[in-house]
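Those protein sequence lines, which keep their order, are chains Z, Y and U. Those letters in the first sequence? Residues 1 to 357, by UniProt numbering. Those letters in the second sequence? Residues 1 to 357, by UniProt numbering. Those letters in the third sequence? Residues 1 to 357, by UniProt numbering. We put the beta carbon where it would ideally sit given N, CA and C, even for glycine. Predicted model only: the values in this text are computed from it and were never measured. Report on the following structure.
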Amino acid sequence: MKKRLKPILLILTFLLSAAGHFAGWNTTVQFLLSAIAVIFVAGFLGRATESVAHYAGQRLGGFLNATFGNAAELIIAILLIREGLYDMVKASITGSIIGNLLLVLGLSLFMGGLKFKIQRYNATLASLNGSLMTLSIIALFIPAVFLNTHSITTEGIKMLSLIVAGILIVAYLAWLVFSMITHKEYLADVSDSNDEDALAHEHEPAWSKKRSIVYLVIATVMVAFVSEWLVGVLEPISHQYGLSELFVGAFLVAIIGNAAEHSAAIMLAMKNKIGAAVEIAVGSSLQIALFVAPVLVFISFFLGNTMDIVFTTLELLAIGVAVFIARSITQDGDSNWYEGLLLLAVYIILGVSFFLV
Amino acid sequence: MKKRLKPILLILTFLLSAAGHFAGWNTTVQFLLSAIAVIFVAGFLGRATESVAHYAGQRLGGFLNATFGNAAELIIAILLIREGLYDMVKASITGSIIGNLLLVLGLSLFMGGLKFKIQRYNATLASLNGSLMTLSIIALFIPAVFLNTHSITTEGIKMLSLIVAGILIVAYLAWLVFSMITHKEYLADVSDSNDEDALAHEHEPAWSKKRSIVYLVIATVMVAFVSEWLVGVLEPISHQYGLSELFVGAFLVAIIGNAAEHSAAIMLAMKNKIGAAVEIAVGSSLQIALFVAPVLVFISFFLGNTMDIVFTTLELLAIGVAVFIARSITQDGDSNWYEGLLLLAVYIILGVSFFLV
Amino acid sequence: MKKRLKPILLILTFLLSAAGHFAGWNTTVQFLLSAIAVIFVAGFLGRATESVAHYAGQRLGGFLNATFGNAAELIIAILLIREGLYDMVKASITGSIIGNLLLVLGLSLFMGGLKFKIQRYNATLASLNGSLMTLSIIALFIPAVFLNTHSITTEGIKMLSLIVAGILIVAYLAWLVFSMITHKEYLADVSDSNDEDALAHEHEPAWSKKRSIVYLVIATVMVAFVSEWLVGVLEPISHQYGLSELFVGAFLVAIIGNAAEHSAAIMLAMKNKIGAAVEIAVGSSLQIALFVAPVLVFISFFLGNTMDIVFTTLELLAIGVAVFIARSITQDGDSNWYEGLLLLAVYIILGVSFFLV
Numbered sequence: 001m002k003k004r005l006k007p008i009l010l011i012l013t014f015l016l017s018a019a020g021h022f023a024g025w026n027t028t029v030q031f032l033l034s035a036i037a038v039i040f041v042a043g044f045l046g047r048a049t050e051s052v053a054h055y056a057g058q059r060l061g062g063f064l065n066a067t068f069g070n071a072a073e074l075i076i077a078i079l080l081i082r083e084g085l086y087d088m089v090k091a092s093i094t095g096s097i098i099g100n101l102l103l104v105l106g107l108s109l110f111m112g113g114l115k116f117k118i119q120r121y122n123a124t125l126a127s128l129n130g131s132l133m134t135l136s137i138i139a140l141f142i143p144a145v146f147l148n149t150h151s152i153t154t155e156g157i158k159m160l161s162l163i164v165a166g167i168l169i170v171a172y173l174a175w176l177v178f179s180m181i182t183h184k185e186y187l188a189d190v191s192d193s194n195d196e197d198a199l200a201h202e203h204e205p206a207w208s209k210k211r212s213i214v215y216l217v218i219a220t221v222m223v224a225f226v227s228e229w230l231v232g233v234l235e236p237i238s239h240q241y242g243l244s245e246l247f248v249g250a251f252l253v254a255i256i257g258n259a260a261e262h263s264a265a266i267m268l269a270m271k272n273k274i275g276a277a278v279e280i281a282v283g284s285s286l287q288i289a290l291f292v293a294p295v296l297v298f299i300s301f302f303l304g305n306t307m308d309i310v311f312t313t314l315e316l317l318a319i320g321v322a323v324f325i326a327r328s329i330t331q332d333g334d335s336n337w338y339e340g341l342l343l344l345a346v347y348i349i350l351g352v353s354f355f356l357v
Numbered sequence: 001m002k003k004r005l006k007p008i009l010l011i012l013t014f015l016l017s018a019a020g021h022f023a024g025w026n027t028t029v030q031f032l033l034s035a036i037a038v039i040f041v042a043g044f045l046g047r048a049t050e051s052v053a054h055y056a057g058q059r060l061g062g063f064l065n066a067t068f069g070n071a072a073e074l075i076i077a078i079l080l081i082r083e084g085l086y087d088m089v090k091a092s093i094t095g096s097i098i099g100n101l102l103l104v105l106g107l108s109l110f111m112g113g114l115k116f117k118i119q120r121y122n123a124t125l126a127s128l129n130g131s132l133m134t135l136s137i138i139a140l141f142i143p144a145v146f147l148n149t150h151s152i153t154t155e156g157i158k159m160l161s162l163i164v165a166g167i168l169i170v171a172y173l174a175w176l177v178f179s180m181i182t183h184k185e186y187l188a189d190v191s192d193s194n195d196e197d198a199l200a201h202e203h204e205p206a207w208s209k210k211r212s213i214v215y216l217v218i219a220t221v222m223v224a225f226v227s228e229w230l231v232g233v234l235e236p237i238s239h240q241y242g243l244s245e246l247f248v249g250a251f252l253v254a255i256i257g258n259a260a261e262h263s264a265a266i267m268l269a270m271k272n273k274i275g276a277a278v279e280i281a282v283g284s285s286l287q288i289a290l291f292v293a294p295v296l297v298f299i300s301f302f303l304g305n306t307m308d309i310v311f312t313t314l315e316l317l318a319i320g321v322a323v324f325i326a327r328s329i330t331q332d333g334d335s336n337w338y339e340g341l342l343l344l345a346v347y348i349i350l351g352v353s354f355f356l357v
Numbered sequence: 001m002k003k004r005l006k007p008i009l010l011i012l013t014f015l016l017s018a019a020g021h022f023a024g025w026n027t028t029v030q031f032l033l034s035a036i037a038v039i040f041v042a043g044f045l046g047r048a049t050e051s052v053a054h055y056a057g058q059r060l061g062g063f064l065n066a067t068f069g070n071a072a073e074l075i076i077a078i079l080l081i082r083e084g085l086y087d088m089v090k091a092s093i094t095g096s097i098i099g100n101l102l103l104v105l106g107l108s109l110f111m112g113g114l115k116f117k118i119q120r121y122n123a124t125l126a127s128l129n130g131s132l133m134t135l136s137i138i139a140l141f142i143p144a145v146f147l148n149t150h151s152i153t154t155e156g157i158k159m160l161s162l163i164v165a166g167i168l169i170v171a172y173l174a175w176l177v178f179s180m181i182t183h184k185e186y187l188a189d190v191s192d193s194n195d196e197d198a199l200a201h202e203h204e205p206a207w208s209k210k211r212s213i214v215y216l217v218i219a220t221v222m223v224a225f226v227s228e229w230l231v232g233v234l235e236p237i238s239h240q241y242g243l244s245e246l247f248v249g250a251f252l253v254a255i256i257g258n259a260a261e262h263s264a265a266i267m268l269a270m271k272n273k274i275g276a277a278v279e280i281a282v283g284s285s286l287q288i289a290l291f292v293a294p295v296l297v298f299i300s301f302f303l304g305n306t307m308d309i310v311f312t313t314l315e316l317l318a319i320g321v322a323v324f325i326a327r328s329i330t331q332d333g334d335s336n337w338y339e340g341l342l343l344l345a346v347y348i349i350l351g352v353s354f355f356l357v
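Given below as structure tokens:
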């Protein structure tokens with residue numbers, strides 16, 4: 001029964017959102033319908049990706065999982081770039097990073113910690129993740145500081161953005177080689193010694209190989225459509241409710257785009273699979289910073305108007321703060337409810353601040 | 001003999017300070033007398049609090065200890081607020097935080113390290129303390145950065161200050177629940193495995209329950225008086241010696257207000273109870289940042305003129321720097337004289353800088 | 001045969017560089033010749049220092065090694081000060097610090113990691129080094145922030161610079177006492193348990209005591225000469241190729257001046273002596289920050305025109321970033337190729353940025 005419910009809701013919300021869009025319903029209704037549709041469709045895309053990854057074998061599958069993991073955010077961002085809404089793109093990148101590191105990780109540690117006194121995970125992985133996060137903020141801070149302290153031409157900043165983006169993509173690909181090939185066992189999850197592949201194969205695929213691929217294609221197309229409908233109402237919604245682009249991008253878009261991962265991570269944490277939950281939250285934010293953001297720079301370059309990688313002071317503050325406290329909390333490899341609460345406290349402070357501006 | 005000396009000195013310095021104040025003696029003499037009186041009275045208040053805490057049982061006692069621990073600073077700060085000296089309030093908050101993290105912790109590690117080659121304490125607690133310190137600086141940095149980078153109204157900043165203060169108080173109360181109820185044993189001090197309650201019951205109470213309560217009331221009243229006399233001469237003293245409010249608040253007031261904890265922590269370190277010493281120094285700075293500072297925001301709100309939580313760049317630098325090096329040094333859970341010296345070096349650099357401005 | 005080659009190359013490059021200088025050859029040729037000569041002569045100086053240190057006994061030897069270790073950089077910097085090129089001095093200090101922490105450490109971890117899956121070293125030492133690095137950036141940041149946020153006189157900044165420099169030198173001398181006397185065994189290298197003194201005596205001295213001292217004197221004089229010839233062509237070279245003083249100082253001068261240590265550290269890493277390699281890279285950057293930089297402040301003071309210790313925002317960013325990621329990577333006491341790659345990625349990003357300005 002429950003299995004039947006999900007596809008029905010998926011199709012229903014998709015159709016309703018389409019109806020709202022084409023019939024030009026009330027903006028708020030359109031926004032709500034498309035937001036709900038994005039959540040369901042992104043969840044469907046996630047399951048299809050996992051299923052294809054399962055058949056593709058461990059290595060290629062890991063790569064697929066890692067790369068398609070943020071497909072919804074990527075598609076939303078490309079649509080925003082096409083509309084020239086660069087500020088909202090950066091705000092939504094910021095929001096995805098802090099949403100994963102503070103909201104998803106925070107809720108996972110908090111909910112998991114309420115059920116289990118202490119939860120442990122691989123500290124080596126946590127430490128390496130911390131270093132990668134550090135690389136991300138360094139890469140994002142340097143162009144901004146250069147722009148603010150030196151007379152550097154727009155062309156110079158764009159070239160610097162492309163070079164930094166290229167270096168980040170190389171670092172990301174090397175990370176995949178490192179974590180999936182050369183040092184795979186070294187990063188294995190300590191909390192899952194008995195069920196070795198909790199993360200990748202949480203859901204044993206219910207679909208055949210062929211069907212999985214068809215579903216992946218369908219899901220990708222659906223994501224593109226509903227994202228388009230969502231993006232289309234963002235500006236009117238911002239004006240109607242007096243919200244800044246920054247707040248809409250960093251909180252609304254980011255929470256909607258990441259909802260599927262959010263619920264997955266929290267469910268895992270409550271099953272005491274905290275290592276997998278941390279991996280989703282931290283891994284997802286790393287993908288955004290090291291892969292999605294730089295890829296967007298290149299996409300904007302090929303679309304003819306390079307988006308620079310210069311974030312505002314406030315965005316850098318939010319990202320820096322999120323990385324700093326997330327590293328502080330994850331570096332010892334064990335967690336409790338209070339650590340989750342601390343992350344949530346920082347998320348709320350940032351949310352209130354962005355809202356008040 | 002020695003036991004008799006303390007109460008005599010307490011009463012004597014109190015009366016001398018009173019005489020100086022009411023007879024209008026020379027300002028420098030008034031300052032010195034009231035400073036010495038504050039130190040003795042704060043020590044008396046500390047002993048009375050501990051004694052009442054002892055009779056109140058472990059949980060309520062822990063809470064009393066934690067909350068009354070910085071009563072002297074709190075009272076001084078309230079008097080400063082009443083006089084409208086908001087800059088000096090913030091300077092003294094800054095000074096209390098850096099004084100505890102650099103001077104008290106530094107002297108404890110240094111003196112303890114000269115006697116014992118390596119001293120060990122609970123690294124889990126140190127790590128959690130580090131995360132709490134990180135939350136404090138994040139909470140203090142965000143409003144300042146917002147004010148400096150965005151056009152935000154004075155009302156907006158005050159509202160943000162109240163919200164941030166509220167979140168910090170919630171985080172602090174949750175910390176008490178965490179450390180005293182849900183995860184008490186988990187944070188037990190490794191260096192005191194044989195004498196389990198070194199921190200809370202260092203001095204077995206010499207007073208009966210009734211007498212302890214009476215003394216607590218008397219001590220609180222005395223603190224209020226001598227603090228008033230001290231605060232009254234701060235401005236004339238600053239002018240007379242050409243000292244900035246910043247230096248007076250951050251160094252003079254902070255050192256005087258924390259003198260009792262200072263000597264307690266150093267004594268513990270020299271008895272190889274380094275865990276308890278670190279706990280006093282770090283715990284005290286956390287109380288200031290997470291409890292005293294936000295409570296002052298609410299008190300100023302109820303007094304009719306909300307003090308915002310926006311610190312100056314220099315104060316944030318000092319706090320950030322102190323947190324950063326203290327975390328770096330405490331996170332491994334063992335200490336030596338050189339780590340103490342590093343903390344003291346940073347304290348001196350900050351002191352000289354504040355003095356030169 | 002190979003043993004004979006080195007002295008011949010040393011003398012040959014020295015003479016060619018001299019010829020180029022005195023005969024006024026083409027600037028680019030002069031630059032290349034003097035650069036190569038500096039590399040050989042600095043290597044010679046390093047071997048002579050080690051040899052003298054060997055005969056001087058462990059304690060004095062350690063001190064000699066530590067102090068003469070950056071003699072080439074020190075001499076180059078003094079020559080730059082004499083010419084009044086303060087900006088280039090600071091750029092080369094910056095470059096030495098980031099070159100050691102990112103390029104040398106990065107290449108060591110990367111090359112070592114390609115040969116050995118995981119390499120381990122003493123985490124206690126790494127943690128203390130991290131705290132020392134933290135002290136260095138704090139000491140460099142504070143004067144800059146003071147200058148940027150407060151009206152402080154030039155005289156005030158110079159006095160602050162001298163005081164900060166004095167504190168850093170005291171901290172450095174105390175570190176020598178700590179690491180060579182009071183806590184020597186505590187910091188022993190875990191990766192070298194069988195060959196106890198890998199770092200200090202990598203090359204068993206081939207020279208007699210007397211000859212070693214003579215060579216040390218000769219090497220020091222040679223370094224002074226070739227450094228002079230190198231410094232003499234830096235400005236013309238910068239203009240000819242349109243390079244900023246910042247880039248020349250921070251990349252060209254720093255790479256040339258540190259080439260000898262670079263190759264030594266990488267060789268050690270590839271022999272699985274990663275502890276010694278980390279010690280060279282991190283130790284060398286600490287020497288620069290805690291000893292060379294403050295000594296230069298005092299030297300400029302005695303030469304009659306005190307160089308302040310205020311670095312530019314960009315230099316502070318580069319140093320801060322390098323310390324931050326190096327600490328993040330070294331704090332767990334084990335390493336792999338990916339960690340090396342991350343350090344190199346940051347170095348390249350900084351290099352490109354400095355070049356584009």
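From residue i to residue j, what does the alpha carbon distance come to, in whole angstroms?
i: residue 98 (chain U); j: residue 347 (chain U); result: 8 Å
i: residue 239 (chain Y); j: residue 257 (chain Y); result: 21 Å
i: residue 129 (chain Y); j: residue 92 (chain Y); result: 22 Å
i: residue 143 (chain Z); j: residue 152 (chain Z); result: 10 Å
i: residue 90 (chain Z); j: residue 249 (chain Z); result: 8 Å
i: residue 280 (chain Z); j: residue 111 (chain Z); result: 15 Å
i: residue 28 (chain U); j: residue 237 (chain U); result: 7 Å
i: residue 141 (chain U); j: residue 342 (chain Z); result: 28 Å
i: residue 332 (chain U); j: residue 138 (chain Z); result: 20 Å
i: residue 5 (chain Y); j: residue 74 (chain U); result: 58 Å
Among the residues of its own chain, which have a CB less than 6 Å from the CB of residue i, if the five just before and after it don't count?
i: residue 132 (chain Z); result: 286
i: residue 16 (chain Z); result: 33
i: residue 233 (chain Y); result: 27, 30, 31
Can you find the residues in the same chain that come closer than 8 Å, C-beta to C-beta, to residue i, ignoring five residues on each side of it along the sequence?
i: residue 82 (chain U); result: 303
So is residue i buried or exposed if we call it buried at 16+ other beta carbons inside 10 Å?
i: residue 330 (chain Y); result: buried
i: residue 96 (chain Z); result: buried
i: residue 158 (chain U); result: buried
i: residue 211 (chain Y); result: exposed
i: residue 7 (chain U); result: exposed
i: residue 121 (chain U); result: buried
Taking the DSSP output, what are the residues bridged to residue i?
i: residue 119 (chain Z); result: Z:335
Since residue i and residue j are thought to touch, with beta carbons under 8 Å apart, how far apart are those beta carbons, to the nearest angstrom?
i: residue 161 (chain U); j: residue 297 (chain U); result: 5 Å
Which same chain residues, not among the five before or five after residue i, have their C-beta less than 7 Å away from its C-beta?
i: residue 245 (chain Z); result: 87, 88, 91, 238
i: residue 213 (chain Y); result: 52
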